[in-house]
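These notes are about the structure you will find just below.
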Amino acid sequence: MKGSAVNAVDVVALGESMVTFLPGGPGRLADVSSFDRAIGGAESNVACVLAAAGHPARWVGRVGADGFGDHLVERIAGYGVDVSSVSRDPDRPTGVYFRTAGDRGTGAHEVAYYRAGSAASAMSPATVDLTAVRAGRVLHLTGITAALSDECRALMHTLTAPRPGRPLLSFDVNHRPALWRHPDGPLALLDLARRADIVFVGEDEAAEAWGITGGPEAIRAALPEPRVLVVKQGEKGATAFEPPDPAGGDAAGVAAEGAQLPALTVGGRAGAGAVPERGGVPAVPGDVTGRRSTAAPVFEPALEVDVVATTGAGDAFAAGFLSGTLRGLPLRARLRLGHLFAAATLTTPGDLAAPPTRDHADRLTALDDTAWGRLRLAHGWTQAERATEEANTP
2 MKGSAVNAVD VVALGESMVT FLPGGPGRLA DVSSFDRAIG GAESNVACVL
52 AAAGHPARWV GRVGADGFGD HLVERIAGYG VDVSSVSRDP DRPTGVYFRT
102 AGDRGTGAHE VAYYRAGSAA SAMSPATVDL TAVRAGRVLH LTGITAALSD
152 ECRALMHTLT APRPGRPLLS FDVNHRPALW RHPDGPLALL DLARRADIVF
202 VGEDEAAEAW GITGGPEAIR AALPEPRVLV VKQGEKGATA FEPPDPAGGD
252 AAGVAAEGAQ LPALTVGGRA GAGAVPERGG VPAVPGDVTG RRSTAAPVFE
302 PALEVDVVAT TGAGDAFAAG FLSGTLRGLP LRARLRLGHL FAAATLTTPG
352 DLAAPPTRDH ADRLTALDDT AWGRLRLAHG WTQAERATEE ANTP
């Protein structure tokens, strides 16, 4: 689909969002009599959190011409996200799902998806406004989209292909075995990850999808192509790999905040689409020929958090890391922002939570290792800081 001129934003996130039904009380889905309506979607979650953190963000998706589609678009727009490029499908419904009150980490947790044949599964290079998708400093995608349909998989290959001016490409593996109808799903995810500039993957995901059990270093050995690789290690923390800045010192994310598009860099390297051509052939995204790094990985421990629910925490982590990337922060600060944004979601019952204010997050990010290790965050910690700041404002 060809679109008209669109405004450039910091981040574009593309993927399926669904209406979520949360039970009014504990128990099996068979026993729950009432549900509260909410929204859910890995990519729109990232867009919403980044918008709440002050970054212009756009969500691109496809919903049905129905009331649930209206609800999704209105709620996501309510977070300050640009939804002008969301398309409507007159023939397919908006996806929905139901889940129990138990956390996903427990054996009693149930999720019932009604997304087969959804409007989002019809996303393709012909039904999505590619101009709007590419008009961002960063394009964030996940492996969930590739699993929805052959058309969606074709769209993902189009968006991750090397081309002049391609945005900095962020990819969260988000391995969902139940969604894949093809046995080659894990290989498809590996291929997409190798095309990206920034990759997020859980240590457990890498073991389940690719059989990699040797820890972050083994995952990096299997994925040398992405400029930045972030391995999430659950309650332990996260390890990130990034070659050193050719100019010296720690790499500093994309170009300075507010830079003109598409002048994007990660650690001094232009986004994949802006890499100079070699012999008339665009450089492959993430190509590490001649610049394989020997820099030590950076590990940052997770915070001690009073967990209310884990749903959406991985999306919030990605949003925090990308926020730091957009601001040109050092790698350790980006990891800490990821942990802080995740902590905001972990301490609330829903999929989405307002992140800490920038000043608050920056103060916490700047703590020394001992003080960082002593932090313990509970429900309402971000709201308490906001209330204090508002009270001190003349």
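Counting from 2, one number per residue, gives the positions in the sequence shown under my numbering.
Beta carbons: idealized from backbone N, C-alpha and C, even for Gly.
Quick one: is valine 112 buried, meaning 16 or more other Cβ sit within 10 Å of its Cβ, or exposed? Per the 10 Å Cβ criterion, exposed.
Look at the Cβ atom of leucine 160, then the Cβ atom of leucine 140, and state whether they are nearer than 8 Å. Yes.
Please give the ranges of any beta strand (DSSP E) in the segment 195-223, keeping only runs that are unbroken, at least 3 residues long and fully inside the region. Within the segment 195-223, the complete beta strand (DSSP E) runs of at least 3 residues are 199-203.
How should leucine 193 be labelled, buried or exposed, when 16 other C-beta atoms within 10 angstroms of its C-beta is the threshold for buried? Around the Cβ of leucine 193, a 10 Å sphere holds 16 or more other Cβ atoms; the residue is buried.
Measure the Cβ-Cβ separation of phenylalanine 318 and lysine 237 and say whether it is below 8 Å. In terms of Cβ geometry, phenylalanine 318 and lysine 237 do not form a close pair [threshold 8 Å].
Which residues bound the beta strand (DSSP E) around glycine 137? First-last of the beta strand (DSSP E) with glycine 137: 137-143.
Coil, strand or helix - leucine 243 by DSSP: The identity of residue 243 in the sequence shown is glutamate, whereas the question assumes leucine. Three-state result, glutamate 243: coil.
Terminal residues of the continuous beta strand (DSSP E) containing valine 10? Looking at the DSSP string, the run of the beta strand (DSSP E) that includes valine 10 is 10-15.
Would you mind stating whether arginine 63 and aspartate 92 have Cβ atoms separated by less than 8 Å? Here arginine 63 is not near aspartate 92, since their CB atoms are 8 Å or more apart.
Could you please give the first and the last residue of the uninterrupted alpha helix (DSSP H) stretch that includes threonine 346? Where threonine 346 is concerned, the enclosing alpha helix (DSSP H) stretches over 332-347.
Tryptophan 60 and isoleucine 40: beta carbons closer than 8 Å? At the C-beta level, tryptophan 60 and isoleucine 40 stay beyond 8 Å of one another.
Within 8 Å, strictly: CB atoms of valine 231 and alanine 239: It is a contact, given that the beta carbons lie within the stated cut-off.
State buried or exposed for leucine 224, treating a residue as buried only when at least 16 other CB atoms are found within 10 Å of its CB. By the Cβ neighbour-count rule, leucine 224 is buried, with 16 or more other Cβ atoms within 10 Å of its own.
Using the rule of at least 16 other Cβ atoms within 10 Å of the residue's Cβ for burial, across every protein chain shown, is threonine 214 buried or exposed? So threonine 214 counts as exposed.
Taking the beta carbon of histidine 183 as the centre, do at least 16 other beta carbons fall within 10 Å, making it buried, or is it exposed? Burial state of histidine 183 is exposed, judged by a 10 Å Cβ sphere holding fewer than 16 other Cβ atoms.
Sub-8 Å separation of threonine 326 and arginine 335 beta-carbons: Yes, Cβ-Cβ distance for threonine 326 and arginine 335 is below 8 Å.
Could you compute how far the alpha carbon of glycine 106 sits from the alpha carbon of proline 165? Because the pLDDT at glycine 106 is just 46, under 50, the model does not fix this residue reliably, and the point stays unresolved.
With DSSP as the reference, identify every bridge partner of threonine 301, one or two as the case may be. Here residue 301 is glutamate; the residue named in the question, threonine, does not match the sequence. DSSP lists Ala239 as partners of glutamate 301.
Using a Cβ-Cβ cutoff of less than 6 Å, which residues in the same chain neighbour alanine 343 once the five nearest sequence positions on both sides are dropped? Taking C-beta separations shorter than 6 Å and ignoring five residues to either side along the sequence, the partners of alanine 343 in its chain run Ala314, Ala317 and Phe318, following chain order.
Exposure label - threonine 371; buried when at least 16 CB within 10 Å: For threonine 371, the number of other beta carbons within 10 angstroms of its own is below 16, and it is reported as exposed.
Per-residue DSSP class, three states only, for arginine 228: DSSP places arginine 228 in coil when its eight states are reduced to three.
Whose C-beta lies closer than 7 Å to the C-beta of valine 126 among residues of the same chain, with five residues either side of it excluded? Residue identity differs from the one stated: residue 126 is proline in this sequence, not valine. In chain order, Ala155, Leu156 and Thr159 place their CB closer than 7 Å to the CB of proline 126, counting only its own chain and leaving out the 5 sequence neighbours on each side.
Would DSSP call leucine 365 helix, strand or coil? Residue state for leucine 365 is assigned as helix, using DSSP reduced to three classes.
Range covered by the alpha helix (DSSP H) that runs through threonine 159: For threonine 159, the uninterrupted alpha helix (DSSP H) segment begins and ends at 151-161.
Examine the ligand COA and report whether any of its heavy atoms sits within less than 7 Å of the Cβ of histidine 380. This structure lacks the ligand COA, and indeed carries no ligand of any kind.
Alpha carbon of threonine 290 to alpha carbon of alanine 53, nearest angstrom: Because the pLDDT at threonine 290 is just 33, under 50, the model does not fix this residue reliably, and the value given afterwards should be weighed accordingly. Per the coordinates, the alpha-carbon of threonine 290 lies some 38 Å from the alpha-carbon of alanine 53.
Span of the beta strand (DSSP E) holding arginine 38? Where arginine 38 is concerned, the enclosing beta strand (DSSP E) stretches over 36-41.
Own chain residues within Cβ distance below 8 Å of leucine 191, not counting five before or after: Closer than 8 Å at the Cβ level, and outside the excluded window around leucine 191, lie Ala210, Trp211, Ala223 and Leu224.
Just to confirm before moving on: does the CB-CB distance between aspartate 130 and proline 57 stay below 8 Å? Pairing aspartate 130 with proline 57 gives a Cβ-Cβ distance that is not under 8 Å.
Pull up the distance between the alpha-carbon of valine 97 and that of valine 82, whole angstroms please. Rounded to whole angstroms, valine 97 to valine 82 spans 21 Å at the Cα level.
Of the residues Ser171, Glu218 and Val84, the one placed nearest serine 324, counting alpha carbons only: Minimum Cα distance to serine 324 is reached at Ser171.
Own chain partners of cysteine 49 with C-beta closer than 7 Å, once the 5 adjacent residues on each side are dropped: Ile77, Tyr80, Val82 and Leu353, listed in sequence order.
Proximity of proline 396 and alanine 207 at Cβ, strictly below 8 Å: With the chain represented from 2 up to 395, any question about residue 396 goes unanswered, as that position is not in the structure.
State the beta-bridge partners of serine 171 as determined by DSSP. Answer is His141 and Ile199, bridged to serine 171.
Exposed or buried, what is proline 227 when buried is set at 16 or more other beta-carbons lying within 10 Å of its beta-carbon? So proline 227 ends up on the buried side.
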